[in-house]
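>
2 protein chains.
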Amino acid sequence: MNGSEALIKALADAGVDTCFANPGTSEMSLVAALDKEPRIRSVLALFEGVATGAADGYGRMADKPALTLLHLGPGFANGAANLHNARRARSPVLNMVGDHATWHLELDAPLTSDIRGLATPVSDWYGVSESANDLPACGVRALQNALSYPGQIATFVVPADHSWDPVTDIDDTTVAVSAEILTDEHIHLAADALRNNTRGALLLGARALRREALLQAGRIAAATGVRLISETFFNRQRRGVDVPVVERLPYFAEQAAAHLEGLELIMLIGAKAPVSFFAYPNSPSILTPEGATLHELASPHIDALNTLTRLADALNAPPLAEHVRAPVRHKVEEGTIDAISLGQLLNNHIPKDAIVSDEGATNGLAAYLMSTEAEAHDWMTVTGGAIGQGLPLSIGAAIACPDRKVIALEADGSAMYTVQALWTMVREQLDITVLILNNSAYAILNIELNRIGADQVGETARSLLSLDRPDLRWSTIAEGMGMTASTVRLNSELDQALTNAMAGRGPCLIEIILPN
Amino acid sequence: MNGSEALIKALADAGVDTCFANPGTSEMSLVAALDKEPRIRSVLALFEGVATGAADGYGRMADKPALTLLHLGPGFANGAANLHNARRARSPVLNMVGDHATWHLELDAPLTSDIRGLATPVSDWYGVSESANDLPACGVRALQNALSYPGQIATFVVPADHSWDPVTDIDDTTVAVSAEILTDEHIHLAADALRNNTRGALLLGARALRREALLQAGRIAAATGVRLISETFFNRQRRGVDVPVVERLPYFAEQAAAHLEGLELIMLIGAKAPVSFFAYPNSPSILTPEGATLHELASPHIDALNTLTRLADALNAPPLAEHVRAPVRHKVEEGTIDAISLGQLLNNHIPKDAIVSDEGATNGLAAYLMSTEAEAHDWMTVTGGAIGQGLPLSIGAAIACPDRKVIALEADGSAMYTVQALWTMVREQLDITVLILNNSAYAILNIELNRIGADQVGETARSLLSLDRPDLRWSTIAEGMGMTASTVRLNSELDQALTNAMAGRGPCLIEIILPN
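Rendered as structure tokens:
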């Protein structure tokens with residue numbers, strides 16, 4: 001048995017069952033080892049950003065990491081933007097990066113690269129094996145770190161000689177996972193704070209937005225009248241008719257500030273203190289209203305369900321409510337599709353237990369707002385602001401949850417970043433419906449350009465923010481990767497296309513032409 | 001005038017005339033400034049790897065840097081793989097990276113990222129402006145470093161507040177460029193070494209492969225019988241009928257070792273000591289033959305033309321030969337296209353002064369070997385082993401040299417990495433003919449898997465190295481981005497398609513179906 005084989009066996013023994021890969025020459029021994037391990041599903045991505053984004057989606061839905069297989073520094077760098085997002089999502093991800101043989105590094109061959117330098121800015125943990133014998137233990141140490149509640153990015157490097165050298169002695173390794181919980185005193189102080197504030201809100205993030213956690217938050221709201229607000233961009237939120245309704249903190253700083261205005265208490269559970277996404281010349285970046293108390297109860301690494309349950313109990317909150325309401329269906333007017341009708345139609349068609357990967361940008365917000373009373377579903381967002389996450393994320397979710405319909409709500413500019421994802425959806429026959437919101441522009445940037453006061457926009461600025469000349473024909477691009485696709489302009493066409501997509505299984509793409 | 005405007009003006013004053021951009025919110029003030037600067041052509045890329053690879057191609061052909069405009073750490077990371085390649089190519093590249101306003105950083109908003117950490121592994125120089133007043137000087141310092149002979153990757157960060165704050169006082173800044181030259185003693189020692197070795201070779205890299213330098217190298221070869229060998233992967237090499245023929249060091253370690261066997265002297269001019277690209281279990285990584293002398297005459301930052309000219313003169317080499325031979329045309333058999341016939345046809349059709357961007361991988365080598373006696377042209381390769389470089393590189397070359405035909409020779413797997421490049425070619429109406437070598441596989445990796453002795457390849461390994469199921473239909477993908485495209489299987493079809501492409505102007509794509 002060589003180092004690769006021992007490593008892959010150890011990871012499979014510890015429960016790793018999925019690997020998103022784009023290997024190169026230095027990883028051939030790892031590929032050969034994966035070839036012999038039937039417990040791990042190996043999925044090829046045609047670009048590393050697809051592999052890392054898919055691992056994020058898998059981690060969000062499975063609550064355990066998928067493996068990625070990446071090729072030295074440049075392969076890692078190609079996946080780094082979506083690892084930045086995954087780190088902000090606090091997803092568990094386990095990156096396995098091949099490197100040159102140890103003796104080859106000092107020769108500075110063309111692919112020699114500072115993997116540590118590139119990896120550490122987007123990794124919570126980084127390690128390199130010491131030898132072939134150490135390789136399985138190194139992988140399991142990384143796995144242990146990836147599983148640190150609620151999830152971390154763990155990256156380990158496999159020097160090629162460690163991958164192909166024979167293993168003579170393997171250390172025993174085990175994986176144990178647990179989350180920290182708060183002391184009783186913290187819980188009672190928080191309960192007192194909620195009792196003494198009539199104008200309070202729980203700001204919820206990370207695992208506080210899962211269904212069981214939201215049901216407990218609902219008890220607290222029922223007992224105290226506290227508002228339930230989610231982070232703007234979250235890992236995964238349960239929504240629809242089987243959970244209490246949660247407000248979402250708006251994106252733009254002034255809207256977010258207005259949303260929080262009048263609050264006397266903001267209690268953080270799994271979320272960080274609210275700040276604006278970007279800075280603006282004459283606008284405050286800190287969003288907590290002046291005079292309000294910011295109560296940092298439970299950081300994301302504290303068990304959120306435990307916190308909310310004990311807090312509800314401490315408040316003598318009523319028992320769990322029946323959160324099974326009837327879904328609301330919107331009536332949709334005839335005519336061409338706009339952001340509103342798109343949101344209405346998506347709401348009407350979301351099937352029970354669907355997973356939505358939302359990278360819809362300017363046109364995605366209405367869809368979120370209009371699906372509060374849809375069938376129960378999970379909603380995932382771009383957590384770190386690095387676009388190109390939505391399509392890969394949907395791949396990981398579909399592989400983690402093969403029995404659930406996945407809907408990827410994608411802005412055209414964002415989709416183009418990791419367009420290679422379409423191919424993997426077809427290769428793996430994943431049950432993903434991709435909705436491309438084609439408005440031929442980085443529309444959000446046109447808004448931002450106005451916000452900084454740049455008037456009189458000229459041809460150069462316009463050209464840098466538009467996606468026309470030539471128009472992207474998404475149906476054609478998708479067909480080039482073997483995906484069934486259609487283009488719709490009318491609400492009636494989208495209605496029919498969604499009916500077909502939700503009734504069927506497997507990958508398909510609906511290109512939705514929207515006003516610029 | 002704000003910081004952005006002062007910066008862009010200073011860069012334009014110093015000769016910067018091209019910017020490859022994918023901006024985000026934090027760069028809107030820079031976009032507004034570019035909008036007002038007619039001396040800089042701003043080119044939108046739909047993915048940052050396209051922007052940085054294009055800057056590399058521009059730098060190789062223009063010998064001065066293009067600007068890139070990138071969005072914080074994730075935007076930089078998306079461009080890092082091609083910056084790794086550009087750094088290995090010693091191209092001049094000037095990266096301008098937007099960051100949050102300085103006061104916003106400590107709030108750790110979602111896009112906050114360790115730009116320094118991500119940038120330094122692929123940058124030769126890194127800086128951050130101190131204030132709006134310092135911003136123009138910071139940009140010019142970066143430019144000065146990018147221009148350091150033969151070229152460097154210089155990255156500077158623009159905090160958003162420095163971009164929008166008013167400028168009250170601008171430091172004078174100037175740019176001066178010069179290259180180091182060798183002492184007379186170095187030249188004479190080298191001349192002695194060449195006189196005393198009958199079995200010697202010049203190993204040429206970086207700017208030693210330009211036309212004027214190769215003509216001088218030809219004088220030295222004529223005087224001493226020394227062999228002229230190029231690095232395996234080089235920035236840009238003049239080839240065809242107006243320069244002496246140069247051998248290219250083979251890629252695989254054992255072939256490269258065989259190629260150098262018997263040499264008693266290897267003299268480096270602009271090249272590094274030859275080492276294998278990858279390490280293998282039972283194969284030496286150092287390629288200099290045992291007993292041979294490695295004479296490290298001139299590192300890449302020493303003026304190569306100066307070195308070669310003075311060395312030729314010291315050897316009393318004959319004056320410049322007439323290197324204008326008649327191009328050779330290969331006779332091509334009828335039948336389906338293979339690597340050989342592809343190479344023959346490409347040779348026959350390369351127009352005078354064409355630029356070839358070669359990322360053809362396994363099927364590209366024959367094209368190189370068969371075009372030694374083609375019309376005079378420049379050939380660019382993937383210098384750092386990070387695939388996804390060829391299409392962006394061709395964009396930069398086409399913008400630097402609008403009057404020269406550019407041919408992008410692209411393996412299917414590599415092309416998919418930065419497929420977004422096709423759109424920019426259409427947007428800018430660049431005179432690029434893209435040849436996609438579609439063999440439905442990462443064929444090089446199938447070879448490498450065999451080389452490590454992995455026999456009995458199973459379904460998983462096969463799936464990780466193949467690009468079938470579904471097949472990529474390149475013509476369709478290109479049409480989805482507005483590009484004229486065709487698919488050819490027969491030599492006669494490729495012959496006709498190349499005739500049409502070379503006769504016309506503007507972007508087009510020819511998908512060449514090759515055996516797996």
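Protein sequences, first through last, are from chains W and S. Each residue of the first sequence is one higher than the last, beginning at 1 in the numbering used here. Each residue of the second sequence is one higher than the last, beginning at 1 in the numbering used here. Where is the CB? At the ideal position from N, CA and C, for every residue including glycine. Nothing here was measured: the structure is a model prediction, and the numbers come from that model.
1) Under the rule that 16 or more other beta-carbon atoms within 10 Å means buried, what is Glu459/W, buried or exposed?
2) Runs of 4 residues minimum, wholly inside the stretch 37-117 of chain S: which ones carry the alpha helix (DSSP H) assignment?
3) Would you mind stating whether Asn363/W and Leu189/W have Cβ atoms separated by less than 8 Å?
4) What whole-angstrom Cβ distance do Gly127/W and Phe156/W have, given they're in contact under 8 Å?
5) For Val167/S, which residues in chain W fall below 9 Å Cβ to Cβ?
6) Just verifying my parser: in three-state terms, what is the DSSP assignment at Ser123/S?
7) Would you mind telling me which residues of chain W sit closer than 9 Å to Gln420/S, beta carbon to beta carbon, in chain order?
8) Return the residue from the list Thr232/S, Thr198/S and Val241/S that minimises the CA-CA distance to Leu215/S.
9) Would you identify the three-state DSSP class for Met380/W, choosing helix, strand or coil?
10) Kindly list, in the order they appear in chain W, the residues whose Cβ is closer than 8 Å to that of Ile452/S.
11) Give the residues of chain S in contact with Lys481/W, contact being defined as C-beta atoms less than 8 Å apart.
12) Taking one C-beta from the stretch 40-55 of chain W and one from the stretch 363-380 of chain W each time, how about it: are there three or more such pairs within less than 8 Å?
13) Do you know offhand how far Glu448/S's Cα is from Ala461/S's?
14) What is the DSSP secondary structure of Tyr442/W, counted as helix, strand or coil?
15) Just checking, does the stretch 277-291 of chain W make contact with the stretch 98-107 of chain S on the three C-beta pairs under 8 Å criterion?
16) Reducing DSSP to helix, strand and coil, say where Met502/W ends up.
17) Candidates Met425/S, Ile269/S and Val457/S: which alpha carbon is nearest Val31/W's?
18) The beta strand (DSSP E) spanning Ser178/S covers which residue range?
19) Counting only C-beta atoms, is Ser123/W closer than 8 Å to chain S at any point?
20) At least one CB of chain S closer than 8 Å to the CB of Leu44/W: is that the case?
21) Can you check the stretch 141-197 of chain W for any beta strand (DSSP E) of at least 3 residues that lies completely inside it and give the ranges in chain order?
22) Rounded C-beta distance between Pro137/S and Asp171/S? I'm assuming under 8 Å.
23) With a 10 Å radius around its C-beta and 16 neighbouring C-beta atoms as the bar for buried, classify Gly75/S as buried or exposed.
24) For the stretch 355-420 of chain W, list the beta strand (DSSP E) runs that are entirely contained and at least 3 residues long, ordered along the chain.
25) Excluding the five sequence neighbours on either side, which residues of its own chain have a C-beta within less than 6 Å of the C-beta of Arg325/W, listed in chain order?
26) In chain W, what lies closer than 7 Å to Val275/S by C-beta?
27) Rounded to the nearest angstrom, what separates Glu261/W and Pro289/W at their Cα positions?
28) Alpha carbon to alpha carbon, how far is Ile187/W from His295/W?
29) Can you tell me whether Asn516/W is buried or exposed? The criterion is at least 16 other CB atoms within 10 Å of its CB, across all chains shown.
30) Opposite Leu490/S in the DSSP bridges: which residues?
31) Leu107/W and Ser285/S look like a contact to me (Cβ under 8 Å); what is the Cβ gap, rounded to whole Å?
32) How close, in whole Å, do the beta carbons of Ala292/W and Ala298/W come, if the pair is a contact with beta carbons under 8 Å?
33) Could you check how far apart the C-beta atoms of Met517/W and Leu422/W are, in whole angstroms? I think they sit under 8 Å.
34) Identify which residue in Thr173/S, Thr25/S, Ile355/S and Ala257/S has its Cα closest to the Cα of Asp431/S.
35) Given a cut-off of 8 Å on the beta-carbon distance, is the pair Pro327/W and Ala257/W in contact?
36) Out of Arg489/S, Pro318/S and Ser123/S, state which residue places its alpha-carbon closest to the alpha-carbon of Ile337/S.
Once the coordinates are examined:
1) exposed
2) 48-62 and 72-89
3) no
4) 5 Å
5) Those within 9 Å of Val167/S in chain W number zero; the least Cβ separation is about 15 Å.
6) coil
7) Met416, Tyr417 and Val419
8) Val241/S
9) strand
10) Met28, Ser29, Ala32 and Trp164
11) Residue identity differs from the one stated: residue 481/W is Met in this sequence, not Lys. Chain S residues near Met481/W: Pro470, Leu472, Arg473 and Ile477.
12) no
13) 12 Å
14) coil
15) yes
16) helix
17) Val457/S
18) Unbroken run through Ser178/S: none, as it is neither H nor E.
19) no
20) yes
21) 153-159
22) Checking the sequence, you will find Ala at residue 137/S rather than Pro. The Cβ separation is near 5 Å, so the contact holds.
23) buried
24) 377-381 and 406-411
25) Val241
26) Leu107 and Ala109
27) 6 Å
28) 12 Å
29) exposed
30) Thr336/S
31) 6 Å
32) The pair is not a contact, with the Cβ atoms about 18 Å apart (cut-off 8 Å).
33) Only positions 1 to 516 of chain W appear in the structure, and residue 517/W is not among them; the question remains open.
34) Ile355/S
35) no
36) Arg489/S
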